[in-house]
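Numbering (UniProt numbering), first residue to last: 1 to 186.
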């Protein structure tokens, strides 16, 4: 997931003309032979001028990954990609799709996670992500809680409340470092 965040950072900040993907979802993330993630399918991508923070356009992004404003007023922005990234993070760490049949009515992937965390992080995250060693369990839970909180921040309903993808990368890399240190000490 760090590779995907780095790709978004490059699209949003690494070019003279920023690019917004507008349709980030699992099927648009491919892994190469070295398990490095690559963002694909730029058919809906939008180019922005240097000072533009958002633009109005017709966007047919995928339901479940599309930021709320994309659907209501056709506004696209970098923060819309951050929203989609947050949903992608939630899906990755819970192994639940936004379209899972358990999510009906008012219950969505976001709402399910919000209702369950932080009291029972182990009930929402994929159990394969937790080691069986007790000594590392607390650090792993702290990292998972941090990532789930980050995913919830990324998928905030209001674009202004979502972090910039650069800040997302900082949090992810801090958690990666913690987990690598635990793995080295084991």
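Cβ atoms here follow ideal geometry from the backbone N, Cα and C, with glycine treated the same way. Note that the structure is a prediction, hence the values are computed from the model and not measured.
Whose CA, out of the options, lies closest to the CA of residue i?
| i | options | result |
| --- | --- | --- |
| residue 114 | 139, 101, 79, 154 | 154 |
| residue 47 | 65, 66, 68, 16 | 16 |
| residue 150 | 157, 168, 137 | 168 |
| residue 35 | 160, 181, 177, 4 | 4 |
| residue 152 | 93, 102, 20, 135 | 93 |
| residue 160 | 91, 143, 100, 67 | 67 |
| residue 65 | 31, 33, 32, 100 | 100 |
| residue 117 | 141, 31, 24, 135 | 141 |
| residue 185 | 132, 136, 98 | 136 |
| residue 177 | 157, 156, 143, 158 | 143 |
Kindly identify the DSSP beta-bridge partner or partners of residue i.
| i | result |
| --- | --- |
| residue 177 | Answer is none; residue 177 lacks a bridge partner. |
| residue 46 | 20 |
| residue 38 | 30 |
Suppose contacts are defined by Cβ-Cβ distances below 8 Å. Is residue i in contact with residue j by that definition?
| i | j | result |
| --- | --- | --- |
| residue 2 | residue 172 | yes |
| residue 145 | residue 165 | no |
| residue 26 | residue 82 | no |
| residue 85 | residue 8 | yes |
| residue 109 | residue 87 | yes |
My assumption, with CB atoms under 8 Å, is that residue i sits in contact with residue j. Please give the rounded CB distance.
| i | j | result |
| --- | --- | --- |
| residue 78 | residue 18 | 7 Å |
| residue 175 | residue 148 | In fact, because the Cβ distance is near 11 Å, the residues do not count as touching under 8 Å. |
| residue 170 | residue 139 | Not really, about 18 Å apart at Cβ, beyond 8 Å. |
| residue 22 | residue 45 | 6 Å |
| residue 20 | residue 76 | 6 Å |
Please decide whether residue i counts as near chain C, where near means a Cβ-Cβ distance under 8 Å.
| i | result |
| --- | --- |
| residue 165 | No chain C is part of this structure, which consists of one protein chain only. |
Original post:
Given 8 Å as the limit, is there contact between the stretch 125 to 132 and the stretch 34 to 43, that is, 3 or more CB pairs closer than that?
Top reply: No: the two stretches stay apart, fewer than three of their Cβ pairs being nearer than 8 Å.
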